[in-house]
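Structure, as structure tokens:
Number of protein chains: 2
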Amino acid sequence: MDKLAAQGIFREQLKKFVDLNEAEWIVFAQHLDFGAIKKKKFFAQPGTVCREIGFIVKGSVRYYHVKDGEEITGYFSFENEFVSSYKSYLTGLPGTNYIQALEDTELIIITHKSMEAMLANPVLGYKMEQFGRRVAEYYLICYEDRVSSFVTKTPEERYLDLLATGREILQRMPQHYIAHFLGITPVSLSRIRRRILIEK
Amino acid sequence: MDKLAAQGIFREQLKKFVDLNEAEWIVFAQHLDFGAIKKKKFFAQPGTVCREIGFIVKGSVRYYHVKDGEEITGYFSFENEFVSSYKSYLTGLPGTNYIQALEDTELIIITHKSMEAMLANPVLGYKMEQFGRRVAEYYLICYEDRVSSFVTKTPEERYLDLLATGREILQRMPQHYIAHFLGITPVSLSRIRRRILIEK
DNA sequence: TCAAAACGTTAACAAAAGATAAGGAATTTA
DNA sequence: TAAATTCCTTATCTTTTGTTAACGTTTTGA
Numbered sequence: 055m056d057k058l059a060a061q062g063i064f065r066e067q068l069k070k071f072v073d074l075n076e077a078e079w080i081v082f083a084q085h086l087d088f089g090a091i092k093k094k095k096f097f098a099q100p101g102t103v104c105r106e107i108g109f110i111v112k113g114s115v116r117y118y119h120v121k122d123g124e125e126i127t128g129y130f131s132f133e134n135e136f137v138s139s140y141k142s143y144l145t146g147l148p149g150t151n152y153i154q155a156l157e158d159t160e161l162i163i164i165t166h167k168s169m170e171a172m173l174a175n176p177v178l179g180y181k182m183e184q185f186g187r188r189v190a191e192y193y194l195i196c197y198e199d200r201v202s203s204f205v206t207k208t209p210e211e212r213y214l215d216l217l218a219t220g221r222e223i224l225q226r227m228p229q230h231y232i233a234h235f236l237g238i239t240p241v242s243l244s245r246i247r248r249r250i251l252i253e254k
Numbered sequence: 055m056d057k058l059a060a061q062g063i064f065r066e067q068l069k070k071f072v073d074l075n076e077a078e079w080i081v082f083a084q085h086l087d088f089g090a091i092k093k094k095k096f097f098a099q100p101g102t103v104c105r106e107i108g109f110i111v112k113g114s115v116r117y118y119h120v121k122d123g124e125e126i127t128g129y130f131s132f133e134n135e136f137v138s139s140y141k142s143y144l145t146g147l148p149g150t151n152y153i154q155a156l157e158d159t160e161l162i163i164i165t166h167k168s169m170e171a172m173l174a175n176p177v178l179g180y181k182m183e184q185f186g187r188r189v190a191e192y193y194l195i196c197y198e199d200r201v202s203s204f205v206t207k208t209p210e211e212r213y214l215d216l217l218a219t220g221r222e223i224l225q226r227m228p229q230h231y232i233a234h235f236l237g238i239t240p241v242s243l244s245r246i247r248r249r250i251l252i253e254k
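Chains H and P, in that order, are what the protein sequence lines are. Letter by letter, the first sequence follows residues 55 to 254 of my numbering. Letter by letter, the second sequence follows residues 55 to 254 of my numbering.
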């Protein structure tokens, strides 16, 4: 895919968050970069400040954390989703996660610098604030749901929920990543699956 | 406390998120309501759309969820914090949580209607988008940290973290609320406390 | 002020999850 | 294509958590 095709996809998806007219889009597009990450390479690494927000046009990434030498995969992003070490991006502090491409991945990239410039741009500023607000609100809701599932549900219930919503994760991610995403060990998820099979 | 005093506090705290000049503040203040909730009364209830964002100037609230007849307290808000059933507020769908005042609580209230009006107001719109963005980003980071703690930490580690950061929660909330906040039962938290005492 | 309710701890038992290891299937890669 | 690696399951054992109940203390509220 080339930059222009990627921008086309991005422009379409962007409509979920902000409505840019032709003039605004042209200025906006000038601030967009295009990037590719080879499988197993990194979008972000711990100890480094994440200065970009990516929008995945092709591929997928996982967010993971190393604890006691073990990789714990906490989240994923797929096509048409944003990817960033948000806390690091927003605070300017070093991140704590790896974000790794799970396959060859192509993205539209908005650097922090570009974003700042657009926010300060009288033509685009308002729309960029709106864009930022809506994206943050969107992810806020995702996180709210996820926190809620940890507080009020058992691991088995969380897994059944995941099955019910049939998210992409199930098809595209190995089970041990899903286990950590649910907050449990791969062995435990395997047992839960067994339990469900027998019970039904 | 009267409305004016409350607005004074709010205006000061607002600076964390947006910088309003005198003219902007005057228009903004016209859209603010003032409210009081008696202890044990509700700011939000499940099945009802939450159409306000509150800013607590005095008191505190807890967010809880009823599961199998039991109340599970997932979160709290204190003075100088916002309170809302965000997902419901943002989506316009009925909420799933109770938000209950833990003591007589006073708040500045921004209704959804007021917020929409301000966002559409040419004088205030830009600043309101910025305000909304920054508040959402702030809470996004809080949630990101919390999700991360569920994925990568044991309940004991989460409790030790809470002790280390010495949050208001510890002083002001009964232990069984804290337990649910950590994603465990009150009995289990009591045991964790015992373990920590013996080990150290 | 006095009864009721709420709170934290502890105990006992059941259920679930973590840790470790082994084995086989599938996938990767050299 | 053969060897290595990854992945999932299963088993065993340990640790932790959930559940229920009892008890004493504190707080609440009628």
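Beta carbons are placed, not taken as given, at the ideal position from N, Cα and C, and that holds for glycine.
Presumed contact (8 angstroms Cβ cut-off) between residue i and residue j, rounded CB distance
i	j	result
isoleucine 134 of chain P	isoleucine 110 of chain P	A small fix is needed here, since residue 134 of chain P is asparagine in this sequence, not isoleucine. Asparagine 134 of chain P to isoleucine 110 of chain P, Cβ: 7 angstroms. Contact.
arginine 200 of chain P	valine 201 of chain H	5 angstroms
lysine 141 of chain P	glutamate 125 of chain H	With 8 angstroms as the limit, lysine 141 of chain P and glutamate 125 of chain H do not qualify as a contact, their Cβ atoms being about 31 angstroms apart.
glycine 237 of chain P	phenylalanine 204 of chain H	5 angstroms
phenylalanine 71 of chain P	valine 189 of chain P	6 angstroms
isoleucine 252 of chain P	tyrosine 213 of chain P	Contact flag wrong, Cβ pair sits at about 15 angstroms.
glutamine 67 of chain H	alanine 83 of chain H	So it is not a contact: roughly 14 angstroms between Cβ atoms.
tyrosine 192 of chain P	glycine 179 of chain H	That pair is no contact at about 20 angstroms.
phenylalanine 130 of chain H	methionine 227 of chain H	6 angstroms
arginine 187 of chain H	arginine 187 of chain P	4 angstroms
Neighbourhood of residue i by C-beta, 6 angstroms cutoff - its chain only, sequence neighbours within 5 removed
i	result
phenylalanine 132 of chain P	Ser114 and Glu222
histidine 26 of chain P	Chain P is shown only over 55 to 254; residue 26 of chain P falls outside these bounds and no answer can be derived.
histidine 166 of chain P	Arg105
isoleucine 195 of chain H	none
alanine 59 of chain H	none
lysine 57 of chain P	Phe88
Extent of the continuous beta strand (DSSP E) run through residue i
i	result
serine 131 of chain P	124 to 131
glutamate 106 of chain H	106 to 112
valine 115 of chain P	115 to 121
glutamine 225 of chain H	No beta strand (DSSP E) contains glutamine 225 of chain H, which is instead part of the alpha helix (DSSP H) from 222 to 226.
phenylalanine 96 of chain P	96 to 98
glutamate 160 of chain H	159 to 165
aspartate 87 of chain P	87 to 91
isoleucine 250 of chain P	Counting along the chain, isoleucine 250 of chain P falls outside any beta strand (DSSP E), though it belongs to the alpha helix (DSSP H) covering 240 to 253.
Close-in-space but distant-in-sequence residues of the same chain around residue i (CB under 8 angstroms, 5 per side omitted)
i	result
glycine 128 of chain H	Tyr117, Tyr118, His119, Asn151, His234 and Phe235
asparagine 175 of chain H	Val81 and Met182
valine 177 of chain H	Ala77, Glu78 and Val81
proline 148 of chain P	Pro100, Gly101, Thr102, Val103 and Ser142
aspartate 215 of chain P	Ser203 and Lys207
Where the alpha helix (DSSP H) containing residue i begins and where it ends
i	result
phenylalanine 64 of chain H	57 to 68
isoleucine 195 of chain P	179 to 206
phenylalanine 82 of chain P	76 to 84
lysine 141 of chain P	140 to 145
leucine 217 of chain H	209 to 219
phenylalanine 264 of chain H	The question about residue 264 of chain H has no answer, for chain H in this structure spans 55 to 254.
7 angstroms Cβ shell around residue i - same chain, five flanking residues per side excluded
i	result
tyrosine 231 of chain H	Arg116 and Thr127
proline 240 of chain P	Gln229, His230 and Ala233
isoleucine 63 of chain P	Val111
arginine 65 of chain P	Trp79
tyrosine 146 of chain P	Before going on, a small fix: residue 146 of chain P reads as glycine here, not tyrosine. Result list for glycine 146 of chain P: Val103, in chain order.
phenylalanine 185 of chain H	Phe71 and Val72
**Prompt:** Going along the chain, which residues of the region 194 to 224 of chain P sit with their C-beta nearer than 8 angstroms to a C-beta in chain H?
**Reply:** Going along the region 194 to 224 of chain P in chain order, one finds Leu194, Ile195, Tyr197, Glu198, Asp199, Arg200, Val201, Ser202, Phe204, Val205 and Thr206 with a Cβ nearer than 8 angstroms to chain H.
**Prompt:** Three or more C-beta pairs closer than 8 angstroms, one from the region 111 to 121 of chain P and one from the region 204 to 212 of chain P: is that the case here?
**Reply:** No, the region 111 to 121 of chain P does not touch the region 204 to 212 of chain P.
**Residues in the region 112 to 143 of chain H having any Cβ partner in chain P nearer than 7 angstroms** = So the close ones are His119, Lys121, Ile126, Gly128, Tyr140 and Lys141.
**Cβ contact check for the region 86 to 103 of chain P and the region 145 to 161 of chain P: 3 or more pairs under 8 angstroms** = Between the region 86 to 103 of chain P and the region 145 to 161 of chain P, the count of C-beta pairs closer than 8 angstroms reaches three or more; the two stretches touch.
**Request:** Scan the region 162 to 193 of chain H for residues whose Cβ lies nearer than 8 angstroms to a Cβ of chain P and list them as they occur along the chain.
**Result:** Residues of the region 162 to 193 of chain H whose Cβ lies closer than 8 angstroms to any Cβ of chain P, in chain order: Gly179, Tyr180, Glu183, Gln184, Gly186, Arg187, Ala190, Glu191 and Tyr193.
**Asked** Just by C-beta distance, which residues in the region 225 to 243 of chain P are closer than 8 angstroms to chain H?
**Response** So the close ones are His234, Phe235 and Gly237.
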